[in-house]
Amino acid sequence: MCEEKKVGIIGLGAYLPEKVLTNKDLEKMVDTTDEWITTRTGIKERRIAKPDEATSDMATEAAKRALKAACLKPTDIDLIIVATITPDMFFPATACLVQEKLKARTVASFDISVACSGFIYGLAIADQFIKSGAYKYALVIGAEKLSSITDWSDRSTCVLFGDGAGAAVLAPVEKGGILSVYLGANGSEGDLLKLPAGGSRIPPTKKTIDDRLHFVKMNGSELFKHAVKIMADAALEVTRPLGLKAEDINLVIPHQANIRILEAVGRRMGLSKDKIYLNIDRYGNMSAASSAVALVDAVKEGRIKKGDKILLDAFGAGLTWGAIVIEW
Ligand code: ACO
Numbered sequence: 235m236c237e238e239k240k241v242g243i244i245g246l247g248a249y250l251p252e253k254v255l256t257n258k259d260l261e262k263m264v265d266t267t268d269e270w271i272t273t274r275t276g277i278k279e280r281r282i283a284k285p286d287e288a289t290s291d292m293a294t295e296a297a298k299r300a301l302k303a304a305c306l307k308p309t310d311i312d313l314i315i316v317a318t319i320t321p322d323m324f325f326p327a328t329a330c331l332v333q334e335k336l337k338a339r340t341v342a343s344f345d346i347s348v349a350c351s352g353f354i355y356g357l358a359i360a361d362q363f364i365k366s367g368a369y370k371y372a373l374v375i376g377a378e379k380l381s382s383i384t385d386w387s388d389r390s391t392c393v394l395f396g397d398g399a400g401a402a403v404l405a406p407v408e409k410g411g412i413l414s415v416y417l418g419a420n421g422s423e424g425d426l427l428k429l430p431a432g433g434s435r436i437p438p439t440k441k442t443i444d445d446r447l448h449f450v451k452m453n454g455s456e457l458f459k460h461a462v463k464i465m466a467d468a469a470l471e472v473t474r475p476l477g478l479k480a481e482d483i484n485l486v487i488p489h490q491a492n493i494r495i496l497e498a499v500g501r502r503m504g505l506s507k508d509k510i511y512l513n514i515d516r517y518g519n520m521s522a523a524s525s526a527v528a529l530v531d532a533v534k535e536g537r538i539k540k541g542d543k544i545l546l547d548a549f550g551a552g553l554t555w556g557a558i559v560i561e562w
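The C-terminal residue of the sequence shown carries number 562 in the numbering used here, and the numbering is unbroken.
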């Protein structure tokens, strides 16, 4: 019998805009304090893209860095997936814009819209295409300009989000790679986090702008409860087929939504704090870019060694969720 192909990450890259927006800066914009934001969320600062810098620009820069790390040229890539809820525009897909900016070949290129779970969904899709033998090299990018859909007068949301991009190159590998994937969604809770207007249900009008319907609307406390359960359950589901227990995982790289959510997930999983990677203090919540950038930073900081088993675990608007175990 043929052995199933193994698929792994052979290059990673991230791009974070230069501009840093601190909690102190936010104190001057809305009725909030550094102390409230730090204790309630774990965030100290976040990055904000330039006005003329769009999601595809950040995605392309992260992709170039990932390709360099993989020692590949853009023309080697067979598939481009961009996970984003802040595309440059409705269409064409941001992935097509990235393909053009990279001067890649005219390969399959598309976006996926599953919010914060997007990078994991993207890895899962690329895994299937490579495993089936359809493609050899895939580029998966999580990129967001959340500052463009943030209501900077709403203190309950504007303190949470940031901009950035992370990218991974996937390819067949001899050993390890992606061991298990678990994805899910629950559309019945979609109202908890959404951008109400601008689509076919509520097209843009002067009224939708006046009513501030083109910004993120969120029920934070309800989401909080769902997030803890969803992420802990997803971690169990993705490790179960491998016969792994929490202690067998060397590092969990969770979606960086809120430090209290991640601590609660850690407690449910019975994990010590040092096994949960955090960079939320530096970047806030970057939706689809969060897990990607966290993975890049964890590798850069030497937190992942060859042979380690790592778990990426995310939830997002939809609601959606995704978890993946990778042997490094
Ligand atoms: N500064 C000061 N006070 C604030 C702020 C702020 N920035 N924001 C809210 N408050 C106030 C509220 O008005 C409220 O005041 P009140 O008691 O007088 O009414 C009080 O703080 C408590 O508000 P809560 O919403 O109950 O605060 P909570 O502890 O739940 O924290 C938070 C809010 C941080 C949003 C939390 O609920 C959370 O993180 N939820 C999950 C959000 C999330 O993960 N979203 C993204 C997931 S998906 C994706 O990333 C796309």
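In this text, a Cβ means the ideal position worked out from N, Cα and C, and glycines have one as well.
Residue(s) in a DSSP beta bridge with residue i
i: TYR416; result: ALA557
i: TYR249; result: ALA399
i: THR275; result: Partner(s): none; THR275 has no beta bridge.
i: LEU255; result: ARG280
i: GLY376; result: ALA317 and GLY400
i: ASN519; result: PHE395
i: LYS240; result: VAL407
i: PHE363; result: Per DSSP, none; premise fails for PHE363.
i: PHE549; result: TRP555
i: VAL596; result: Absent from the model: residue 596. The displayed extent of the chain is 235 to 562, so no value can be given.
6 Å Cβ shell around residue i - same chain, five flanking residues per side excluded
i: ILE244; result: ALA304, VAL403 and ALA405
i: VAL472; result: SER414, TYR416, ALA557 and VAL559
i: ASP361; result: VAL241 and ILE412
i: LYS298; result: none
i: ALA419; result: GLY552 and THR554
i: LEU529; result: ILE487
i: CYS330; result: SER343
i: LEU250; result: ARG281 and GLY398
i: ILE271; result: ASN257, ILE277 and VAL393
i: ALA498; result: VAL462
i: VAL527; result: ALA248, GLY398 and GLY400
i: LEU546; result: ILE354, ILE487, SER525 and ILE558
Contact set for residue i: own chain, Cβ-Cβ below 7 Å, skip 5 residues either direction
i: LEU496; result: PRO488, ILE510 and LEU512
i: ASP268; result: ASN257, LYS258 and GLU261
i: THR294; result: VAL332, LYS335 and LEU336
i: ASP482; result: LYS543
i: LYS365; result: GLU238, LYS239 and VAL241
i: GLY504; result: ALA480
i: MET515; result: Reading the sequence as shown, one finds Asp at residue 515 and not Met. Cβ within range, chain order: GLY276, ILE277 and LYS278.
Cβ neighbours of residue i in the same chain (closer than 8 Å, five flanking residues each side left out)
i: ALA327; result: VAL316, PRO321, SER343, PHE344 and ASP345
i: VAL450; result: LEU380, ILE383, THR384, ASP385, THR391, PHE395, LEU427, LYS428 and LEU429
Would you list, in sequence order, the uninterrupted alpha helix (DSSP H) runs of no fewer than 4 residues that lie entirely inside the stretch 316–348?
Unbroken alpha helix (DSSP H) stretches of 4 residues or longer found wholly inside the stretch 316–348: 328–336, given in chain order.
Inter-stretch contact (C-beta, 8 Å, three-pair minimum) for the stretch 333–342 and the stretch 532–550
Of all C-beta pairs linking the stretch 333–342 to the stretch 532–550, fewer than three are shorter than 8 Å, placing the two stretches out of contact.
Start-end ranges of the beta strand (DSSP E) lying completely within the stretch 389–475, minimum 3 residues:
Entirely contained in the stretch 389–475, the beta strand (DSSP E) runs reaching 3 residues are, in chain order, 397–407 and 411–419.
For the stretch 284–309, list the alpha helix (DSSP H) runs that are entirely contained and at least 4 residues long, ordered along the chain.
Correct list: 289–303.
Specify whether the stretch 441–453 and the stretch 383–402 touch according to this definition: at least 3 beta carbon pairs, one from each stretch, less than 8 Å apart.
They touch, by the three-pair rule.
Would you check if the stretch 468–485 and the stretch 419–432 touch, i.e. whether three or more CB-CB distances between them fall below 8 Å?
Verdict: no, contact absent.
Between the stretch 273–292 and the stretch 389–402, do at least 3 Cβ pairs fall closer than 8 Å?
By the Cβ rule, the stretch 273–292 counts as touching the stretch 389–402, because three or more pairs are nearer than 8 Å.
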